[in-house]
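Beneath this line is the structure, given in structure tokens, with notes to follow.
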Amino acid sequence: MVLWKWRLCLSPAEGLQNEFICLAITHEKTSDVLKNNNLDYCFSVSSDHPSLPPFEVASSQEFFDYLGRPCLYVPKDRVFKLKAGIFIPSDTIIIKSKVWKREESASEDGKCMIITIAQVEQLSFGCVVENFSDLAFYRKTDVRIRSASVVKPVTSMNINLTNGEIIFIEIIPWDYEKIECCKCALNLLDGSGNETECGYDELSFFNIKQQCSLKIPLQFSKKNLMESHKQYLQNNCLSLQCDIAIYTGKYKSKIIKTKYAANLSNIIEQPISGVQSGNEVLKEENQVPSTMQEDMMSLFSSGILSDIKLQTATETFRAHKLILSLWSPVFNDLFANMEHKINDCVQIKDLDAETMRRFLLFLYSDNLTNLNMEIAKKLYFAGEKYEVLELKCKGSNFLQKNICLSNCCVILMLANNYNDSDLKKAVQEFIAVNGREILQSDQWKLLKETNTNLAFETISIMYKINRKYSWNGIVFSYL
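Heads up: the sequence shown begins at 1 in UniProt numbering, then just goes up one per residue.
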């Protein structure tokens with residue numbers, strides 16, 4: 001595994017009546033499907049449909065397709081919803097995978113988080129069939145459809161009638177070799193512009209060597225429409241709204257987080273700069289590579305494909321369930337329990353707008369910048385509240401490096417409240433070294449009043465650390 005990079009391939013399962021998704025691991029460079037590799041692997045596949053639990057499948061359940069390739073098949077009805085006999089895909093599919101060497105212990109464990117966005121071109125246009133009553137058997141009306149990204153047409157459309165007066169819409173891709181999947185939804189338009197669903201189909205172009213087309217029968221026959229001519233045939237014209245999605249196989253994929261070794265403290269970056277502010281030294285964390293950061297920040301700032309809103313008291317933020325779920329078990333559980341997409345707005349009552357913004361910026365960029373003590377404390381709380389361990393660790397690291405006389409008691413109470421033993425130990429050692437000034441301060445008096453047990457525990461540690469030195473009666477006068 002050390003010498004190879006792997007790619008997870010997701011595709012329709014051929015020859016299985018379009019009812020399955022095929023998963024396979026391939027070599028990144030050769031695209032060869034994994035064979036005789038001495039590896040075991042398993043997948044957990046889920047979508048943003050809350051009523052569908054994750055579907056799990058392992059390498060022990062491999063099937064071999066007609067080319068002899070090992071594949072894992074996922075039933076579409078375990079991932080997609082079914083509407084009128086048609087599978088309705090979700091906007092986001094989450095695949096959790098685990099790969100390990102067979103009959104060997106792992107020398108190094110780790111995890112990698114990747115987001116892949118399919119580049120789908122959406123074409124939406126209206127189509128008017130004039131002189132509809134004259135539409136006859138085998139008479140076709142042609143419409144050419146241009147793409148927004150290229151000058152030449154990408155598809156053409158025919159409207160024709162069978163001898164049983166069934167109306168067919170035929171979508172013909174021009175460069176079918178460059179298309180992997182095409183979907184089309186059709187809606188009738190009445191005189192007021194209201195839409196009525198009347199047809200849907202999709203076609204996979206995998207391994208297709210000759211021209212082919214989508215043939216979509218309308219749910220209304222010519223006779224039905226003629227009987228409803230006042231509603232649908234204004235001036236003897238049939239109006240259709242066509243929405244076509246074309247996927248050419250292109251996609252953008254970015255690794256947004258990697259982690260090796262179990263101890264989170266190993267992944268905390270070292271500070272790269274320090275700015276003096278009063279008696280506090282504010283240190284910034286290392287930044288992630290700019291290209292990855294720019295892509296993820298563009299995804300966040302543009303809100304493209306966003307599917308959730310986070311509403312604070314003063315501001316609402318658009319985000320992506322996939323990103324939030326991968327980082328935070330709290331958000332993952334929250335989204336799993338959301339019953340209807342109409343409720344895809346989460347009320348955030350424990351974070352203000354600025355903290356929420358910085359919290360999301362971290363999730364999209366894995367980066368903390370321009371920190372000060374107040375912001376760091378709020379983000380530390382957010383990391384604890386939403387179980388984003390990396391954020392909590394980075395916040396703890398920042399607080400630990402910026403302990404000073406004016407904030408040590410506040411940091412001590414934070415560490416105690418959130419069971420952060422490393423931060424608590426660091427601040428108690430700082431208090432032990434600077435006990436004379438701290439024990440006579442107002443913040444120490446407040447600590448004694450609000451948490452006597454913590455104050456006594458800290459005094460005990462101070463005594464143990466400094467008992468071989470002369471304290472001039474400071475500890476004993478407190479006791």
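Even for Gly, the Cβ is constructed at its ideal location relative to N, Cα and C.
Just measuring C-alpha positions, the residue of 363, 376 and 311 sitting nearest residue 324 is 363. Below 8 Å, too few C-beta pairs join the stretch 381–392 and the stretch 306–320 to call them touching: fewer than three. Within the stretch 386–416, the runs of alpha helix (DSSP H) at least 4 residues long that lie entirely inside it are, in chain order, 389–401. Put simply, the backbone Cα of residue 74 is about 26 Å away from that of residue 199. Linking residue 178 to residue 213 through their CA atoms gives a straight-line distance of about 14 Å.
At a Cβ-Cβ threshold of 7 Å, residue 53 and residue 44 do not count as neighbours.
With at least 16 other beta carbons inside 10 angstroms of its own, residue 365 counts as buried. Judged by DSSP in its simplified three-state form, residue 191 adopts coil rather than helix or strand. Look at residue 137 here: in three-state DSSP terms it is strand. A straight-line Cα-Cα distance of about 12 Å links residue 80 and residue 94. Per the coordinates, the alpha-carbon of residue 247 lies some 50 Å from the alpha-carbon of residue 414.
With contacts defined by Cβ atoms closer than 7 Å, residue 132 and residue 240 do not form a contacting pair. Residue pairing of residue 348 in beta bridges, as defined by DSSP: absent, with no partner found.
In this chain, residue 45 is not harboured by any alpha helix (DSSP H); it is covered by the beta strand (DSSP E) spanning 39–47. Take residue 403, set aside five residues on each side of it, and the residues of its chain with a beta-carbon closer than 7 Å to its own are 411, 426, 427 and 430, in chain order. For residue 325, the enclosing alpha helix (DSSP H) starts and ends at 321–327. A distance below 7 Å separates the beta carbons of residue 395 and residue 380. Of the residues 185, 180, 159 and 11, the one whose Cα lies closest to the Cα of residue 221 is 159. Relative to residue 72, the option among 216, 455 and 22 whose CA is nearest is 22. Ranked by Cα distance from residue 163, the first of 136, 58 and 312 is 136. A direct Cα-to-Cα measurement between residue 189 and residue 196 gives close to 7 Å.
About 29 Å separates the Cβ atoms of residue 391 and residue 438, ruling out a contact at the 8 Å cut-off. When 312, 359 and 344 are compared, the shortest CA-CA separation from residue 350 is found for 312. Between the alpha carbons of residue 192 and residue 299 lies a distance of about 37 Å. Residue 369 sits exposed, since fewer than 16 C-beta atoms from the chains shown fall within 10 Å of its C-beta. In this model, residue 330 and residue 353 are separated by some 19 Å (Cα to Cα). The C-alpha of residue 307 is placed about 15 Å away from the C-alpha of residue 116. Secondary structure of residue 97 (DSSP, three-state): strand.
Counting every other CB atom within 10 Å of its CB across the protein chains shown gives residue 393 a total of 16 or more, marking it as buried.
Relative to the Cα of residue 182, the nearest Cα in the group 244, 235 and 223 belongs to 244. Contact between residue 215 and residue 180 is ruled out by a C-beta separation of about 19 Å, above the 8 Å threshold. Looking at the backbone, the Cα of residue 332 and that of residue 128 are separated by about 45 Å. Residue environment for residue 409: buried (at least 16 other C-beta atoms within 10 angstroms of its C-beta).
Residue pairing by DSSP places residue 124 opposite 243 in a beta bridge. Boundaries of the alpha helix (DSSP H) harbouring residue 426: 421–433, taken from the DSSP string.
In this structure, DSSP gives residue 57 an extended state, which the three-state scheme calls strand.
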